[in-house]
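S.K.: Would you mind keeping the following structure in view while I ask a few things?
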Amino acid sequence: MSLIKFDELCVSFGTRALLDHVNLQLDAGERVALVGLNGAGKSTLLKVVSGQQHADSGVYWKDPAIRIAELSQMLPAADDRMVRDVVMAGLSEVVALREQYEALIQQHDAGSLAKLEQLQHELEAREGWHLEQRVETVLDRLSLPGNKRMAELSGGWRRRAALGAALVQNPDLLLLDEPTNHLDIETIEWLEEQVLAFRGGVLFISHDRALVDRLATRIIELDRGTLTSFPGNYSRYLEQKEALLQEEARHNAEFDKKLAQEERWIRQGIKARRTRNEGRVRALKKMRDERSQRRERQGGARFNLEEAVKSGKLVVELEHVSQSYEGRPIIRDLTLAIQRGDRVGLIGPNGAGKSTLLKILLGELQPESGTVRMGTKLEVAYFDQLRGQLDPERSIIDNVSGGRESIEINGQNRHIISYLQDFLFSPERARTPVKALSGGECNRVLLARLFSQPANLLVMDEPTNDLDIETLELLEEILLNYEGTLLLVSHDRRFLDNVVTSTLAFEGEGRVAEYVGGYQDWLRQRPVAKAAVKETTASEPIVEQKTDKAKAARKLSYKLQRELDELPKLMEEAENALAALQAETSAPDFYSQDHAQVSVRLQALHDQEQRLEQLMERWVELEEMQAGG
9 MSLIKFDELC VSFGTRALLD HVNLQLDAGE RVALVGLNGA GKSTLLKVVS
59 GQQHADSGVY WKDPAIRIAE LSQMLPAADD RMVRDVVMAG LSEVVALREQ
109 YEALIQQHDA GSLAKLEQLQ HELEAREGWH LEQRVETVLD RLSLPGNKRM
159 AELSGGWRRR AALGAALVQN PDLLLLDEPT NHLDIETIEW LEEQVLAFRG
209 GVLFISHDRA LVDRLATRII ELDRGTLTSF PGNYSRYLEQ KEALLQEEAR
259 HNAEFDKKLA QEERWIRQGI KARRTRNEGR VRALKKMRDE RSQRRERQGG
309 ARFNLEEAVK SGKLVVELEH VSQSYEGRPI IRDLTLAIQR GDRVGLIGPN
359 GAGKSTLLKI LLGELQPESG TVRMGTKLEV AYFDQLRGQL DPERSIIDNV
409 SGGRESIEIN GQNRHIISYL QDFLFSPERA RTPVKALSGG ECNRVLLARL
459 FSQPANLLVM DEPTNDLDIE TLELLEEILL NYEGTLLLVS HDRRFLDNVV
509 TSTLAFEGEG RVAEYVGGYQ DWLRQRPVAK AAVKETTASE PIVEQKTDKA
559 KAARKLSYKL QRELDELPKL MEEAENALAA LQAETSAPDF YSQDHAQVSV
609 RLQALHDQEQ RLEQLMERWV ELEEMQAGG
């Protein structure tokens with residue numbers, strides 16, 4: 009069943025077409041990811057769907073009975089509202105109808121009977137007599153503390169409350185605009201589970217490639233005003249997009265070659281002009297018009313780091329460092345050495361102490377106990393997720409160059425306008441005050457400022473928020489080629505996996521453990537108390553989310569030993585089933601099937617991948633327990 013449709017829909021901003029005669033259909037049960045460069049018009053498209061913006065032309069149809077709810081990328085305020093009231097606010101229209109109904113009853117006015125009957129029918133249709141029950145159901149489902157104030161909750165729990173306000177509406181279509189911004193990894197994974205469990209349609213924008221890969225049943229890309237649909241998840245989209253770009257380049261090359269031939273023909277001598285074909289002349293004019301109207305693909309950002317002289321081999325060394333916050337241990341007896349060239353990721357719940365550890369590593373904070381030894385020749389560049397380094401009243405140029413017309417990058421002078429064009433800022437846009445920029449543009453300004461500073465120690469605190477995926481992938485490439493040392497705080501799992509060489513994980517009660525590799529490597533190596541950790545964080549909505557200590561290794565019981573013995577066979581069966589599904593979905597004619605069948609099989613592939621991963625994790629867990637027994 010179709011929920012919404014676009015038919016030749018157009019939306020322009022000034023002379024620029026954000027949506028250029030686009031067509032779109034979204035069906036019940038689909039989870040559609042909307043991708044594209046920053047500024048392409050993704051949020052505008054969501055506003056059209058939600059009714060906040062009208063199209064310039066074309067048709068936007070939606071099912072007359074559809075309920076649409078939206079989870080904004082802005083976090084709810086940490087104010088005095090009760091969580092129950094925040095969730096109830098999602099039903100504000102229905103609450104207003106019931107208040108009208110109750111007010112009319114108090115009037116005892118015979119003339120109001122018709123209005124009362126109308127309100128009663130509307131309330132029945134919108135389940136308005138059971139508001140409190142609906143709110144309690146959502147509070148229970150999301151483990152939300154209805155009687156706590158928003159000011160008492162962390163950002164992740166406030167995001168849960170906002171999701172509750174959306175889900176309490178029982179929507180048929182859920183709109184999510186960058187839902188993972190400023191969330192820690194555990195909350196992101198919780199959000200994924202909630203969206204997977206949601207039975208309505210979902211249209212979402214996200215730069216989190218792991219989330220898109222897991223949730224999307226289809227990708228739609230907004231590029232130069234045009235929407236293109238790609239069945240499957242993000243990994244499949246990358247393959248299809250590469251093939252599409254190659255075909256576009258081939259077509260353009262053939263067109264340009266023919267145009268050049270026709271241009272040479274029209275410029276031939278008098279004899280040729282006497283015999284020229286008037287139809288051919290008209291065709292040439294048409295080709296010229298077509299070439300001038302071709303919308304070139306927007307160039308991706310391109311930038312390089314300004315590298316300083318090499319630091320000493322040792323960057324920083326901690327010995328038996330401990331630190332607490334308000335009497336609660338956040339770092340306990342940490343011994344650690346970071347060498348030149350290390351790329352270290354810091355992961356953990358919001359408020360766990362990642363920023364505190366960064367300050368200790370940079371020598372900005374003396375720990376309560378233990379020693380810190382700093383290396384030599386350190387030159388630090390810092391990326392601040394709160395954008396405190398930017399002056400909102402000054403232009404992009406002034407924020408990056410400090411008024412200079414040129415800056416030196418790796419020994420070469422670059423004009424500031426030319427340098428900023430590498431970060432996708434036109435000369436006109438470069439003169440814009442920072443306060444007028446989008447979140448993604450602000451992050452690109454920070455990157456431009458950061459990469460113009462000589463540095464051999466790069467500290468990046470959530471650099472991926474608001475960046476489009478193409479810029480994210482370029483940033484990954486730059487960091488991989490960076491010869492200095494990197495300290496990275498991020499909740500982007502794919503980014504961590506692709507960039508870091510080791511991970512510092514905050515695992516609760518002051519335990520900070522070092523692991524080789526990125527996020528997926530940590531998942532495989534971490535203590536066996538994962539289930540207990542998830543249970544704790546789901547049931548304790550507090551500002552600082554705590555995790556349990558790892559359980560001590562012990563001899564396996566008969567039941568666990570039997571489970572361990574059966575796991576190799578189960579893993580082999582899962583691997584065979586996965587191989588069969590991979591062969592099926594890789595077949596040339598797979599995507600020519602009915603769209604619903606394609607989605608079912610792709611979901612089966614995803615479920616089988618998850619099944620195999622869970623079996624392998626359980627096998628490793630039981631093996632470790634047995635080894636310790």
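In this text, residue positions in the sequence shown follow the numbering used here: the first is 9, and each later residue adds one.
Glycine is no exception: its CB is placed at the ideal position from the N, C-alpha and C atoms.
Considering only residues of the same chain and omitting the five flanking positions on each side of G59, which have a CB-CB separation below 7 Å?
M.R.: There are no such residues.
S.K.: In its own chain, which residues sit with a C-beta less than 8 Å from the C-beta of T364, not counting the 5 before and 5 after it?
M.R.: Result list for T364: Q331, Y333, I338, I339, L373, in chain order.
S.K.: Let me check understanding here. Comparing Cα to Cα, which of L342, S20, G356 lies closest to L369?
M.R.: Of L342, S20, G356, the residue nearest in Cα terms is L342.
S.K.: Buried or exposed, going by whether 16 or more other CB atoms sit within 10 Å of the CB of Q81?
M.R.: Its Cβ being crowded by 16 or more others within 10 Å, Q81 is buried.
S.K.: Could you name the residues of the same chain whose beta carbon sits closer than 8 Å to that of A623, not counting the 5 residues immediately before and after it, in chain order?
M.R.: The residue asked about is misnamed: residue 623 is Leu in this sequence, not Ala. L575, L578, M579, A582, listed in sequence order.
S.K.: Residue range of the beta strand (DSSP E) that M468 falls in?
M.R.: Run containing M468: 465-469, per the beta strand (DSSP E) assignment.
S.K.: According to DSSP, is F391 helix, strand or coil?
M.R.: Looking at F391 - three-state DSSP - the assignment turns out to be strand.
S.K.: Give a yes or no on contact between the region 376-387 and the region 432-448, applying the rule of three or more CB pairs nearer than 8 Å.
M.R.: Not touching, per the Cβ criterion.
S.K.: Could you compute how far the alpha carbon of I404 sits from the alpha carbon of D28?
M.R.: Distance between the alpha carbons of I404 and D28 is about 30 Å.
S.K.: Would R626 and V507 qualify as a contact pair, given that the criterion is a beta-carbon distance under 7 Å?
M.R.: The answer is no: Cβ separation not under 7 Å.
S.K.: Checking the sheet assignment: what are the DSSP bridge partners for Y523?
M.R.: The partner list for Y523 (beta bridge, DSSP) reads T511.
S.K.: I think V30 touches L235, with their Cβ atoms under 8 Å apart; what is that distance to the nearest whole Å?
M.R.: Indeed they touch by this definition, with Cβ atoms about 4 Å apart.
S.K.: Look at the Cβ atom of D15, then the Cβ atom of G66, and state whether they are nearer than 7 Å.
M.R.: The answer is yes: Cβ separation under 7 Å.
S.K.: Within the region 113-166, note down every full alpha helix (DSSP H) run reaching 4 residues or more, in order along the chain.
M.R.: 121-133, 139-149, all fully within the region 113-166.
S.K.: Determine the burial state of L121: buried for a count of at least 16 other Cβ atoms within 10 Å of its Cβ, exposed for fewer.
M.R.: Exposed.
S.K.: What are the start and end residues of the beta strand (DSSP E) that includes R226?
M.R.: Looking at the DSSP string, the run of the beta strand (DSSP E) that includes R226 is 226-231.
S.K.: Between the C-alpha atoms of D406 and V324, what's the straight-line distance to the nearest angstrom?
M.R.: Straight-line Cα distance between these residues: approximately 34 Å.
S.K.: Quick one: measure Cβ to Cβ for D192 and G172, integer angstroms, because I've assumed they're closer than 8 Å.
M.R.: The pair is not a contact, with the Cβ atoms about 19 Å apart (cut-off 8 Å).
S.K.: Helix, strand or coil: how does DSSP classify N506 here?
M.R.: It is helical.
S.K.: By DSSP's criteria, W69 is part of a beta bridge. Which residues make up the other side?
M.R.: Answer is K13.
S.K.: Per DSSP, N421 is paired with what?
M.R.: Bridge partners of N421: E416.
S.K.: For a test of the three-state rule: what should DSSP assign to D64, helix, strand or coil?
M.R.: Coil.
S.K.: Would you kindly work out how many angstroms separate the C-alpha atoms of M158 and L150, rounded to a whole number?
M.R.: If I take the Cα positions, the gap works out to 15 Å.
S.K.: Cβ-heavy atom distance between L199 and the ligand FAD below 6 Å?
M.R.: The ligand FAD is absent from the structure shown, which contains no ligand whatsoever.
S.K.: On the criterion of 16 or more Cβ atoms from any shown chain inside 10 Å, does P72 qualify as buried, or is it exposed?
M.R.: Exposed, since its Cβ has fewer than 16 Cβ neighbours within 10 Å.
S.K.: What are the uninterrupted segments assigned as beta strand (DSSP E) that are 3 or more residues long and contained completely in the region 162-218, given in chain order?
M.R.: Correct list: 181-185, 209-213.
S.K.: In terms of residue numbering, what span does the beta strand (DSSP E) encompassing A77 cover?
M.R.: Start and end: 76-79.
S.K.: Could you please give the first and the last residue of the uninterrupted beta strand (DSSP E) stretch that includes M90?
M.R.: Premise fails: M90 is in no beta strand (DSSP E) and is neither H nor E.
S.K.: With DSSP as the reference, label T234 as helix, strand or coil.
M.R.: Three-state DSSP puts T234 in a strand.
S.K.: Nearest-angstrom Cα distance between G525 and R412?
M.R.: Distance between the alpha carbons of G525 and R412: 41 Å.
S.K.: Tell me the residue span of the beta strand (DSSP E) that contains A41.
M.R.: First-last of the beta strand (DSSP E) with A41: 39-43.
S.K.: Buried or exposed for D500, going by 16 or more other Cβ atoms inside 10 Å?
M.R.: Per the 10 Å Cβ criterion, buried.
S.K.: Roughly how many angstroms separate the alpha carbons of Q108 and V19, rounded to a whole number?
M.R.: In a straight line, the C-alpha of Q108 is about 37 Å away from that of V19.
S.K.: Is it true that the region 450-465 meets the region 382-389, where meeting means three or more beta-carbon pairs spaced less than 8 Å apart?
M.R.: Cβ pair count under 8 Å is three or more, so yes.
S.K.: Alpha carbon to alpha carbon, what distance is there between E617 and L398?
M.R.: About 43 Å.
S.K.: Applying the 10 Å Cβ sphere with the 16-neighbour rule, what's the burial state of M96?
M.R.: With 16 or more Cβ atoms within 10 Å of its Cβ, M96 is classed as buried.
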